[in-house]
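Structure first, then comments.
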Amino acid sequence: MNTIFQTIKQVAFKIDEAIKTEDLGYSDSENSSGEDQLKLDVQSDLIIEKAFASVSIVKNLVSEEKEGVLELNDSGKYTICYDPLDGSSLVDVNLSVGSIFGIYEGELKGENLIASAYVVYGPRIELVIAEKNKKPALYRAIGSDFKYVGEISMNEKGKLNASGGTQQYWCDYHKTFIDDLFAEGYRLRYSGGMVPDLHQIMLKGGGLFSYPGTSDVPKGKLRQLFEVIPFAFIYEQAGGQAINNKGLRLLELVPSHPHDTSPCFFGSNYEIEAMKKAYGIEDK
Ligand code: F6P
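With my numbering, letter number 242 in the sequence shown gets 247, and the count goes up by one each step, no holes.
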């Protein structure tokens, strides 16, 4: 597993370099969700693919930027599902973006995720790694290496509210829930980049990040294997919760297609309990 984390550290520097120096235009292609691909998306994907090609414990790669499964090493044990440059459309306005990695053993479903990691490319490069039975570990790039900063632990209740999804298409009870949090004193923090938005909430102790199902996109926008499940693991390891609109732990999701999406709610305990009440979800 350490080889995988070392590889993630190496690709983080390469992708950061590409973000800082490369062309910000569109490529000629679309990704499998029908979104136009930026040259930087394609390039970041290639950087990751190249780096893992020689890591023998990695069996397969599944990229947010590609349709199928890329078979790497027959004798490998793990499949890495990754989003090479999440929020890439924010690079041209110079906001933070990130890379997300979910490491699965066996069938691609939430309960087989055994570790996850993400990188934030902001004013500084930060890396968070989460493994079973441990608090997530935060690292920061200093020079050409990552230095351990400390473990991440969320409070019972936070102050921040990152509410995604087009408001025009929210259902009434979701709107009431979000409005009630603001009426309680929560402050809006939403950049449109899942990685920096979830990172901010975790490092500031807690709060809520939501991307609900809406009337235009009933299954939400965020992808289970590359975005939702890896972050659910990190939030749970940090002492928070991560559930869907029915109250199911996101770590229990079983995607039927690599690019399936899910409504998602990540937060500290207080906000997730409030969400369950607002959505009429009974405690199991
Ligand atoms: O999945 C890509 C992404 O850019 C996420 O990083 C982010 O949370 C979300 O989409 C933002 O979506 P919207 O623009 O609908 O708020």
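Where a beta carbon is used, it is the ideal one built from N, C-alpha and C, also for glycine.
Residue from the options with nearest C-alpha to residue i
i: Lys-251; options: Ser-93, Lys-224, Asp-97; result: Lys-224
i: Glu-54; options: Asp-41, Glu-69, Leu-165; result: Glu-69
i: Ala-142; options: Ile-239, Ser-149, Gln-172; result: Ile-239
i: Glu-241; options: Thr-26, Tyr-87, Glu-136, Pro-201; result: Glu-136
i: Met-6; options: Leu-118, Val-222, Thr-171, Glu-76; result: Leu-118
i: Gly-155; options: Leu-113, Lys-139, Leu-75, Glu-112; result: Lys-139
i: Pro-268; options: Lys-162, His-262, Leu-258, Glu-276; result: Leu-258
i: Gly-245; options: Leu-208, Thr-266, Ile-13, Tyr-216; result: Leu-208
i: Lys-44; options: Asn-78, Ser-94, Phe-57, Ile-85; result: Ser-94
i: Asp-265; options: Leu-29, Asp-221, Leu-113; result: Leu-113
i: Glu-131; options: Phe-187, Gln-173, Lys-152; result: Lys-152
i: Asp-79; options: Leu-90, Asn-65, Cys-86; result: Asn-65
i: Asp-177; options: Gly-30, Tyr-284, Leu-230, Ile-85; result: Tyr-284
i: Ile-62; options: Glu-72, Phe-236, Lys-82, Ser-49; result: Lys-82
i: Glu-276; options: Asp-185, Phe-231, Leu-77, Pro-201; result: Asp-185
i: Pro-263; options: Glu-278, Arg-228, Phe-271; result: Arg-228
i: Tyr-191; options: Gly-212, Asp-150, Arg-129; result: Gly-212
Backbone secondary structure at residue i - three-state DSSP
i: Val-74; result: strand
i: Glu-156; result: strand
i: Ile-286; result: coil
i: Leu-113; result: coil
i: Tyr-174; result: helix
i: Val-233; result: helix
i: Glu-278; result: helix
i: Leu-95; result: helix
i: Asn-166; result: strand
Short CB-CB distance (under 8 Å) between residue i and chain D
i: Ile-147; result: As a matter of chain content, chain D is missing from the structure shown, which is built from one protein chain.
Assumed close pair residue i, residue j - CB separation to whole angstroms, cut-off 8 Å
i: Gly-127; j: Ser-101; result: 4 Å
i: Ser-32; j: Val-47; result: 5 Å
i: Ala-120; j: Ile-108; result: 4 Å
Residue i: CB within 7 Å of a non-hydrogen atom of ligand 2
i: Leu-227; result: Looking for ligand 2 in the displayed structure turns up nothing; the ligands present are ligand 1.
- If you scan the stretch 17-67 from start to end, which runs of the alpha helix (DSSP H) of 4 or more residues do you find wholly inside it? As far as the stretch 17-67 is concerned, its whole alpha helix (DSSP H) runs of at least 4 residues are 44-58.
- In chain order, each beta strand (DSSP E) run of at least 3 residues that lies wholly inside the stretch 180-263: As far as the stretch 180-263 is concerned, its whole beta strand (DSSP E) runs of at least 3 residues are 212-216, 246-248.
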